[in-house]
Amino acid sequence: MTTIKHYSLILPVILCGLAGCGRSDAPPSADAVYRNGYVVTMDSDDSVQQAVAVRDGRIVYVGSDAGVAGLIGPDTAVTDLNGRTLMPGLIDAHLHPLSGGANLRSCNLNYAALSVQAFQARIQACLDATAGDGDNAWLEVNAWYRQAMEPKGTDATRATLDALRTTRPIVVHSSDGHTLLANSRALQAAGVSAATRDPQGGAIARDPNGEPTGIFEDDADKLVMNARPAPTARENEASAQAALDALSRQGVTTFFSALSGDAELAAFSALQKSGKLTARAWFAPLIDADLARDPGAAVAMVQDLAKRYDQGPTGVAPTVAVRHAKLFMDGVAQAPAFTAGLLEPYLVNQGSDENPHFLPGTNLGQVYLPPAVLQPVLVGLARAGINPHIHAIGDRAVRQSLDAIEAMRKAVPDTKVRPAVAHAEITDPADYARFARLNATPVMSFQWAKPAPDSIEATRDFLGPVRFGRMEPEGMLQAAGARIAFGSDWPVDPLNEWFALKVGVTRTNDPAVWDRYPGKLNADPGLTRRQALRAATLHSAYALHLDAVAGSLEQGKLADMIILDRNVLTIDPEDIANVKVQQTIVGGKVVYRAQGTR
Numbered sequence: 137m138t139t140i141k142h143y144s145l146i147l148p149v150i151l152c153g154l155a156g157c158g159r160s161d162a163p164p165s166a167d168a169v170y171r172n173g174y175v176v177t178m179d180s181d182d183s184v185q186q187a188v189a190v191r192d193g194r195i196v197y198v199g200s201d202a203g204v205a206g207l208i209g210p211d212t213a214v215t216d217l218n219g220r221t222l223m224p225g226l227i228d229a230h231l232h233p234l235s236g237g238a239n240l241r242s243c244n245l246n247y248a249a250l251s252v253q254a255f256q257a258r259i260q261a262c263l264d265a266t267a268g269d270g271d272n273a274w275l276e277v278n279a280w281y282r283q284a285m286e287p288k289g290t291d292a293t294r295a296t297l298d299a300l301r302t303t304r305p306i307v308v309h310s311s312d313g314h315t316l317l318a319n320s321r322a323l324q325a326a327g328v329s330a331a332t333r334d335p336q337g338g339a340i341a342r343d344p345n346g347e348p349t350g351i352f353e354d355d356a357d358k359l360v361m362n363a364r365p366a367p368t369a370r371e372n373e374a375s376a377q378a379a380l381d382a383l384s385r386q387g388v389t390t391f392f393s394a395l396s397g398d399a400e401l402a403a404f405s406a407l408q409k410s411g412k413l414t415a416r417a418w419f420a421p422l423i424d425a426d427l428a429r430d431p432g433a434a435v436a437m438v439q440d441l442a443k444r445y446d447q448g449p450t451g452v453a454p455t456v457a458v459r460h461a462k463l464f465m466d467g468v469a470q471a472p473a474f475t476a477g478l479l480e481p482y483l484v485n486q487g488s489d490e491n492p493h494f495l496p497g498t499n500l501g502q503v504y505l506p507p508a509v510l511q512p513v514l515v516g517l518a519r520a521g522i523n524p525h526i527h528a529i530g531d532r533a534v535r536q537s538l539d540a541i542e543a544m545r546k547a548v549p550d551t552k553v554r555p556a557v558a559h560a561e562i563t564d565p566a567d568y569a570r571f572a573r574l575n576a577t578p579v580m581s582f583q584w585a586k587p588a589p590d591s592i593e594a595t596r597d598f599l600g601p602v603r604f605g606r607m608e609p610e611g612m613l614q615a616a617g618a619r620i621a622f623g624s625d626w627p628v629d630p631l632n633e634w635f636a637l638k639v640g641v642t643r644t645n646d647p648a649v650w651d652r653y654p655g656k657l658n659a660d661p662g663l664t665r666r667q668a669l670r671a672a673t674l675h676s677a678y679a680l681h682l683d684a685v686a687g688s689l690e691q692g693k694l695a696d697m698i699i700l701d702r703n704v705l706t707i708d709p710e711d712i713a714n715v716k717v718q719q720t721i722v723g724g725k726v727v728y729r730a731q732g733t734r
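Each residue of the sequence shown is one higher than the last, beginning at 137 in our numbering.
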């Protein structure tokens, strides 16, 4: 017979069994909770929520403040957003971080519109400031806004640099990255003369006597750059660190370096190994015009760099990835280079500056990789699982890139590669729908879609009204179903992601210059705010094969997020340019916090 004493022992066991004593069905507490916010998720429903919870660097909850309350434990770090916007971190799908960081540390013309005298004065100041480097030390100058030199039509030659008080070799890089200017001392050091032949993929500008003027277009710059001492590993790491600091301030949590090599990969890998990599780093080694003619060697080069530097599947902590290859189809559309490959010739002024009369000329620009070269190398890349990333500006270069992608799809139908065409500034309407059909991503630099010296004085009249009317076709590509991604192309332009996103929506310049460059670029409708933000988040993630783990705020994805000082979806569209990032979070870890914020 059971005694009362026995019941006193059994009853608590029964009650605990019913109530769940000793165990909990509740999920473990979150490491961090962000609540009372305007959470722009970028999910498939474009939902806006209130709260996000993070555990072990991943998102474990997205929803309401009430719903997140159960994930708050005694050790949970809780951030009251006070209505601020929380959104996915930006994914910049086309930039050049090592050169961008080097620009921040070097003689820099800061994209200014300069007369010849001002151009010389700025460079002379850099020479004077580094006089202790010696008479043989090269001076490298960056961010020359060639198309904005004043007065209109002004250019520089080696004589411009030879007039400076120095015997040092000097090279000046145009901000678009496609032109290099060198003085006579630099040409002498490089052994460049009238007898030097143009390389594949580039051109040496020459005077009427055949002598080099000091201007080198596209791959011709290697003739000079290969002669100057390469930066040291320590200098490259300093430039990489400067780039990471700048990117985190802008809210960039993943970047794609669209022209890489061993030195850049070594610099960012060194930072990763020392725990200083604050963004997910993706790289595309360059296959130049010479190497592209040997597809096997081109693929082997990329595979070798991937074997040495790629760090495997994406995890919570930022790592280095090498799964793409960069190719150049053409140059730039702007005067005076005119190296973008066009279907119809550039126009030429047959009148005067006072009474211009533009008629078709004979220059179709350049295509550096003809179909017989581009198609085999794309097929080889696809078979190796390497994603091609193709620079194409002109409508002929864009069409031939799409033709090659179509041939690649037919030759390797089961490939999972995601090709991209970068810039696509001048695309023929017949090709708009091909991007979606071929699953090719147009990676657009939104900030170019505004009235400015490079789009007005240096381009408009030389393209004519029809082509200019469809220049920078983000809105038209969007309407045709393309999955548009965003790439800042820094340091071709200053690193200003929010100004670029503003231009993607408004297609206007900074109000400070509206007196000279008013209104919208052309009739293209541009993008809605959500379309522009999606391009810089989920669509860029797709281009990098990261969409399963990044690009939106959803349960199970990486906690790559940013907190903004204003609501990008409700402010005046022009005010998007003024957005400030207050926190940048990568894998749940705060890598940037604006001073005075929490």
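We put the beta carbon where it would ideally sit given N, CA and C, even for glycine.
Taking the CB atoms as reference points, tell me whether Tyr482 and Phe598 lie closer together than 9 Å.
-> yes
Quick one: using the 10 Å Cβ neighbour count with 16 as the cut-off for buried, is Trp650 buried or exposed?
-> exposed
When the Cα atoms are used, what is the spatial distance from Gly225 to Phe392?
-> 14 Å
Using DSSP with H/G/I as helix, E/B as strand and the rest coil, what is Leu599?
-> helix
Assumed close pair Asp466, Gln511 - CB separation to whole angstroms, cut-off 8 Å = Not confirmed; about 16 Å, so no contact.
Leu154 burial status per 10 Å Cβ neighbour count (16 or more: buried) | Note that Leu154 scores a pLDDT of 40, beneath 50, so its modelled location is shaky; the value from the coordinates is reported in the next line. Classification of Leu154: exposed, given that the 10 Å Cβ count is below 16.
What three-state label does DSSP hand Lys725 in the structure shown?
-> strand
Same chain, Cβ closer than 7 Å to Ala453, neighbours up to 5 away in sequence not counted | Gly723
For Asp167, does the count of other Cβ atoms within 10 angstroms reach 16, so buried, or fall short, so exposed?
-> buried
Specify whether the stretch 484–491 and the stretch 551–565 touch according to this definition: at least 3 beta carbon pairs, one from each stretch, less than 8 Å apart.
-> no
Going by DSSP, name the residue or residues bridged to Lys443.
-> None, per the DSSP bridge assignment.
Uninterrupted beta strand (DSSP E) stretches inside the stretch 253–280 (no shorter than 3 residues) | 275–280
Whole-number beta carbon distance between Asn523 and Arg459, since they are thought to touch under 8 Å = 6 Å
Which one of Ala417, Asp312, Gln386, Lys412 has the shortest CA to CA distance from Glu400?
-> Ala417
Below 9 Å between beta carbons: does that hold for Ile208 and Ser165?
-> yes
Ignore the nearest five residues each way along the sequence and tell me which others in Ala213's own chain have a CB closer than 8 Å to its CB.
-> Asp167, Ala168, Val169
Could you tell me the distance, in whole angstroms, from the CA atom of Leu407 to the CA atom of Ala369?
-> 11 Å
Can you give me the Cβ contacts of Arg159 inside the same chain, cut-off strictly under 7 Å, excluding the 5 residues immediately before and after it?
-> Summary for Arg159: the model assigns pLDDT 47, below 50, so the residue's position carries little reliability; its value from the coordinates is reported in the next sentence. So no residue of the chain qualifies.
Please name the residue in Thr733, Pro565, His314, Ala267 whose C-alpha comes closest to that of Asp357.
-> His314
Can you check DSSP and say which residues form a bridge with Gln470?
-> Gln470 is not bridged to any residue.
Which value, in whole angstroms, describes the spacing of the CA atoms of Ala376 and Ala533?
-> 32 Å
Classify Ala473 as buried or exposed, calling it buried when 16 or more other Cβ atoms lie within 10 Å of its own Cβ.
-> buried
8 Å Cβ shell around Met361 - same chain, five flanking residues per side excluded | Val307, Leu316
Mind reading off the beta-carbon distance from Ala420 to His525? Whole number of angstroms is fine, and I expect it under 8 Å.
-> 5 Å
Which value, in whole angstroms, describes the spacing of the CA atoms of Ile340 and Arg603?
-> 28 Å
Contact set for Ala299: own chain, Cβ-Cβ below 7 Å, skip 5 residues either direction | Gln256
Return the Cβ separation of Ile562 and Ile529 in integer angstroms, given the expectation that the two are a contact with Cβ distance under 8 Å.
-> 7 Å
DSSP three-state call for Arg429: helix, strand or coil?
-> helix
Ordered along the chain, which non-local residues of its own chain (more than five positions away) have a Cβ less than 8 Å from that of Gly203?
-> Ala187, Tyr197
Starting from the Cα of Leu217, find the closest Cα among Gly655, Ala189, Phe352, Thr293 and give me that residue.
-> Ala189
Report yes if the C-beta distance between Pro578 and Val557 is below 9 Å; otherwise report no.
-> yes
Which of helix, strand or coil does DSSP assign to His675?
-> helix
By DSSP, does Lys638 sit in helix, in strand, or in coil?
-> helix
Going by alpha carbons, who is nearest to Arg258 out of Lys412, Pro601, Thr296?
-> Thr296
Return helix, strand or coil for Asn244, following the three-state DSSP convention.
-> strand
May I ask you to check if the CB of Ala588 is nearer than 8 Å to at least one heavy atom of the ligand MN?
-> The model depicted lacks the ligand MN and carries no ligand whatsoever.
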